[in-house]
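Read the structure below first, then the notes.
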Amino acid sequence: NAGVMQNPRHLVRRRGQEARLRCSPMKGHSHVYWYRQLPEEGLKFMVYLQKENIIDESGMPKERFSAEFPKEGPSILRIQQVVRGDSAAYFCASSPPWSPYEQYFGPGTRLTVT
Amino acid sequence: EDKVVQSPLSLVVHEGDTVTLNCSYEVTNFRSLLWYKQEKKAPTFLFMLTSSGIEKKSGRLSSILDKKELFSILNITATQTGDSAIYLCAVGLRDTDKLIFGTGTRLQVFP
Chain S
11 NAGVMQNPRH LVRRRGQEAR LRCSPMKGHS HVYWYRQLPE EGLKFMVYLQ KENIIDESGM
71 PKERFSAEFP KEGPSILRIQ QVVRGDSAAY FCASSPPWSP YEQYFGPGTR LTVT
Chain R
50 EDKVVQSPLS LVVHEGDTVT LNCSYEVTNF RSLLWYKQEK KAPTFLFMLT SSGIEKKSGR
110 LSSILDKKEL FSILNITATQ TGDSAIYLCA VGLRDTDKLI FGTGTRLQVF P
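Same order as they appear, the protein sequences are chains S and R.
Be aware that the first sequence starts at 11, since it is given in the working numbering, and climbs by one per residue.
Be aware that the second sequence starts at 50, since it is given in the working numbering, and climbs by one per residue.
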């Protein structure tokens, strides 16, 4: 049973470019969460999605960030016109529908903006 | 504002020592408390606690929750160098499925 998969593991973008981060949840999990971890800080919630629905995006910056979880395929976190402050590790987690608090994390994507 | 505070921020011990990590919280609508171990990559799920006073145990690790005093502890006995990691505490809220994380305790175990 494969765990949560994220790709790419490392992503380098220049200021102003777009970053796309992908997350495939564990088999049988229908809930996906994105968290951001800045250097020397804890994980901060960004968004919670179920298939084709955004359930809670209270942690997402209002501009440049968007997320989706289509009926088919992975969840995508998209950051447009990246800035240096977006450099961070972005973690995806998934949980089964019967236990949404038991979240299992992927290996993360480390985004570096130059 | 909901918050989760962990202490100490870092801890350095020798192999064989026993350590206790603390997590206190102030949140509305508490539902559960979770402990994760983070090495170089993904946080790894350790425990989820929802009831006060019931100890959860896995090998040398154990954890307990006190919902009256709003804290949890994670104990590691007979520490090994492989226990070196950041230990994260997170709280799940009743009205949303997101987790609120503390900043973690960095544990270093030396031989």
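For every residue, glycine included, the Cβ atom is placed at its ideal position computed from N, Cα and C.
_Contacting positions in the region 78-92 of chain R - beta carbon closer than 8 Å to chain S_ = ARG80, SER81, LEU83, TYR85, LYS90, ALA91, PRO92
Open item on the list: Can you find the residues in the same chain that come closer than 7 Å, C-beta to C-beta, to R/VAL76, ignoring five residues on each side of it along the sequence?
Closed with: Residue mapping note: residue 76 of chain R aligns to position 27 of the second sequence, counting from 1. Hits under 7 Å: ASP51, VAL140, LEU142, ILE149.
### Message
Cutting at 8 Å between CB atoms, please list the residues of its own chain near R/GLN87, excluding the five before and the five after it.
### Response
Position 38 of the second sequence, counted from the first residue, corresponds to residue 87 of chain R. The residues are THR93, ALA134, ILE135, TYR136, LEU137, GLY153.
*Closest Cβ-Cβ distance between R/LYS147 and chain S: below 7 Å?*
For the purposes of this step, residue 147 of chain R is taken as residue 98 along the second sequence, with counting starting at 1. Chain S, which has a Cβ nearer than 7 Å to the Cβ of R/LYS147, makes this yes.
Checklist entry - Rounded to a whole number of angstroms, what is the C-alpha to C-alpha distance between R/LEU98 and S/ARG24? => result Along the second sequence, read from residue 1 onward, the residue named residue 98 of chain R stands at position 49. Along the first sequence, read from residue 1 onward, the residue named residue 24 of chain S stands at position 14. So the two alpha carbons sit approximately 43 Å from each other.
Q.
Under 9 Å, CB to CB, which of the residues in the region 33-46 of chain S have a partner in chain R?
A. HIS41, TYR43, TYR45
Name the two residues that bound the continuous beta strand (DSSP E) containing R/GLY141.
Here residue 141 of chain R refers to the residue found at position 92 when the second sequence is read from its first residue. That run of the beta strand (DSSP E) goes 134-142.
Inset, instruction - Counting only the same chain and skipping the five closest in sequence on each side, list residues whose C-beta sits under 6 Å from that of S/ASN17. - result: Residue numbering aside, residue 17 of chain S sits at position 7 when the first sequence is read from its first letter. Answer for S/ASN17: ARG32, listed in chain order.
* Paired residues, beta bridge with S/MET15 - DSSP -> Here the question's residue 15 of chain S lines up with position 5 in the first sequence. S/SER34, per the DSSP bridge assignment.
task: With a threshold of 16 other CB atoms inside 10 Å of the CB of S/PHE79, please say whether the residue is buried or exposed.
output: For the purposes of this step, residue 79 of chain S is identified with residue 69 of the first sequence, where counting begins at 1. By the neighbour-count rule (16 or more Cβ atoms within 10 Å), S/PHE79 is buried.
Give the straight-line distance between the Cα atoms of S/SER109 and S/GLY38, rounded to the nearest whole angstrom.
Mapped onto the first sequence, residue 109 of chain S falls at position 99. Mapped onto the first sequence, residue 38 of chain S falls at position 28. Approximately 12 Å, taken between the alpha carbons.
**Beta-bridge pairing of R/GLN87 - partner residues as DSSP gives them** = The sequence position of residue 87 of chain R within the second sequence is 38, counting from 1. The partner list for R/GLN87 (beta bridge, DSSP) reads R/PRO92, R/ILE135.
- Cross-chain neighbours of S/LEU121 in chain R, by beta carbon under 8 Å: Numbered from 1 along the first sequence, position 111 holds the residue referred to as residue 121 of chain S. In chain order: nothing, as chain R lies at least about 15 Å away.
key: Beta-carbon proximity list for R/LYS116, same chain, < 6 Å, skipping 5 on both sides   = Along the second sequence, one-based indexing puts residue 116 of chain R at 67. Only SER101 meet the Cβ criterion.
Suppose you measure from the CA of S/ALA99 to the CA of R/THR126; what does that come to, to the nearest Å? One-based indexing of the first sequence puts residue 99 of chain S at position 89. One-based indexing of the second sequence puts residue 126 of chain R at position 77. Going from the Cα of S/ALA99 to the Cα of R/THR126 covers about 31 Å.
Under 7 Å, Cβ to Cβ, is there at least one residue of chain S near R/PHE150? Here residue 150 of chain R refers to the residue found at position 101 when the second sequence is read from its first residue. With 7 Å as the cut-off, R/PHE150 counts as an interface residue toward chain S.
Rounded separation between R/GLY108 and R/LEU95 - CA only | Position 59 of the second sequence, counted from the start, is the residue given in the question as residue 108 of chain R. Position 46 of the second sequence, counted from the start, is the residue given in the question as residue 95 of chain R. Taking the straight line from one Cα to the other gives about 11 Å.
Self-check item: Cβ-based burial, R/HIS63 [other Cβ within 10 Å; buried from 16]
Solution: Within the second sequence, numbered from 1, the residue matching residue 63 of chain R stands at position 14. With fewer than 16 other Cβ atoms within 10 Å, it is exposed.
- Between S/GLY83 and S/LYS61, what straight-line distance do the alpha-carbon atoms span, to the nearest angstrom? The sequence position of residue 83 of chain S within the first sequence is 73, counting from 1. The sequence position of residue 61 of chain S within the first sequence is 51, counting from 1. Cα-Cα distance, rounded: 10 Å.
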